[in-house]
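In the working numbering, the protein residues as written are 444 to 708.
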């Protein structure tokens with residue numbers, strides 16, 4: 444079972460009135476998970492037309508085993524021409540979902556984007572096509588080529604008041620959270636069918652008296668709630684009774700926690 448990771452103290456993190464920082468995945472693990480789940484990002488390159496200015500593009504991507512984003516781009520595209528002149532770029536990846544976008548996770552990967560060497564193109568091609576099957580229609584066009592972002596630094600924002608830098612080394616070595624694929628379904632289910640249960644958990648575990656609750660993130664160690672209270676919008680993290688690895692384990696531990704909370708009220 445993975446070792447529990449605890450981030451260094453964070454000035455802006457808030458987990459409840461006077462409460463200690465709860466164990467949770469590192470920023471590196473969260474970024475690696477976020478990047479693995481997303482498929483479309485915003486690519487910023489250095490403009491050729493307006494020297495020194497950033498040029499933004501909508502960009503599909505896949506990732507390799509080290510978490511490096513892979514792109515299939517045309518030589519005719521403005522961002523490709525920018526990269527051929529200056530490989531410095533950034534990729535902004537945001538968490539998909541409804542609700543307030545400022546309350547969701549996002550990350551900016553800063554680094555160099557260069558053509559993938561010939562000896563590595565076969566593997567990159569398989570990775571990319573496994574995510575974008577329709578790309579087979581143009582993948583072999585002569586004006587298209589595979590490029591890859593080599594991260595140098597990463598900035599992570601996990602929602603309101605949760606932010607910090609992640610080194611490229613930590614990002615590369617981080618593992619994707621085991622709930623990564625099932626998290627959207629868990630969030631959808633909780634936010635549709637179990638709002639009273641989340642309000643109860645917030646009261647018992649974080650001493651918040653909320654009228655509305657939204658689960659904004661879930662991982663192997665716990666979950667984050669956005670709460671509407673008489674004092675305004677608040678955020679809190681609540682840890683599971685034990686580490687989970689699957690959606691079924693998550694369901695079982697949440698049921699246990701709600702039943703235990705009901706007994707305390």
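Think of the CB as a built atom: it goes at the ideal place given N, C-alpha and C, for glycine as much as any other residue.
Assigned exposure category for residue i - 16 Cβ within 10 Å defines buried
{"i": "residue 700", "result": "buried"}
{"i": "residue 446", "result": "With a pLDDT of 38 at residue 446, under the threshold of 50, the modelled position of this residue cannot be trusted; read the value that follows with caution. Answer is exposed; the Cβ neighbour count stays below 16."}
{"i": "residue 584", "result": "exposed"}
{"i": "residue 688", "result": "exposed"}
{"i": "residue 652", "result": "exposed"}
{"i": "residue 706", "result": "exposed"}
{"i": "residue 560", "result": "exposed"}
{"i": "residue 481", "result": "buried"}
{"i": "residue 544", "result": "exposed"}
{"i": "residue 693", "result": "buried"}
{"i": "residue 469", "result": "buried"}
{"i": "residue 471", "result": "buried"}
{"i": "residue 519", "result": "exposed"}
{"i": "residue 650", "result": "exposed"}
{"i": "residue 617", "result": "buried"}
{"i": "residue 487", "result": "buried"}
{"i": "residue 562", "result": "exposed"}
{"i": "residue 642", "result": "buried"}
Beta-carbon contacts of residue i that lie in its chain and below 8 Å, excluding the five residues immediately before and after
{"i": "residue 573", "result": "505"}
{"i": "residue 690", "result": "622, 625, 628, 629"}
{"i": "residue 512", "result": "478, 484, 504, 505, 506, 534, 552, 591, 592"}
{"i": "residue 598", "result": "550, 551, 553, 606, 607, 608, 609"}
{"i": "residue 570", "result": "505, 506, 507, 513"}
Other residues of its chain near residue i: CB distance less than 6 Å, five sequence neighbours each side excluded
{"i": "residue 476", "result": "619, 620, 623"}
{"i": "residue 654", "result": "671"}
{"i": "residue 669", "result": "546, 657, 659, 678"}
{"i": "residue 568", "result": "none"}
{"i": "residue 611", "result": "594, 595"}
{"i": "residue 537", "result": "549"}
{"i": "residue 509", "result": "615"}
{"i": "residue 638", "result": "656"}
Beta-carbon proximity list for residue i, same chain, < 7 Å, skipping 5 on both sides
{"i": "residue 581", "result": "587"}
{"i": "residue 531", "result": "489, 555"}
{"i": "residue 644", "result": "681, 700, 701, 704"}
{"i": "residue 565", "result": "none"}
{"i": "residue 491", "result": "524, 525, 528"}
{"i": "residue 473", "result": "548, 599, 601"}
{"i": "residue 515", "result": "571, 578, 582, 587, 589"}
Identified DSSP bridge partners for residue i
{"i": "residue 483", "result": "503"}
{"i": "residue 717", "result": "Missing from the structure shown is residue 717; the chain here goes from 444 to 708 and no further."}
{"i": "residue 600", "result": "549, 606"}
{"i": "residue 660", "result": "667"}
Below-8 Å beta-carbon distance, residue i vs any chain D residue
{"i": "residue 583", "result": "Among the protein chains of the structure shown there is no chain D, as only one such chain exists."}
Residue i beta carbon near the ligand FMN (any heavy atom closer than 7 Å)
{"i": "residue 476", "result": "In the structure shown, the ligand FMN is absent, as is every other ligand, since no ligand is present at all."}
- Query: Counting Cβ pairs closer than 8 Å, one from the region 682-689 and one from the region 651-665, do we hit at least three?
  - Reply: yes
- Given 8 Å as the limit, is there contact between the region 519-527 and the region 488-504, that is, 3 or more CB pairs closer than that? yes
- Item | Those runs of the alpha helix (DSSP H) which lie wholly inside the region 506-570 and span at least 4 residues | 521-528
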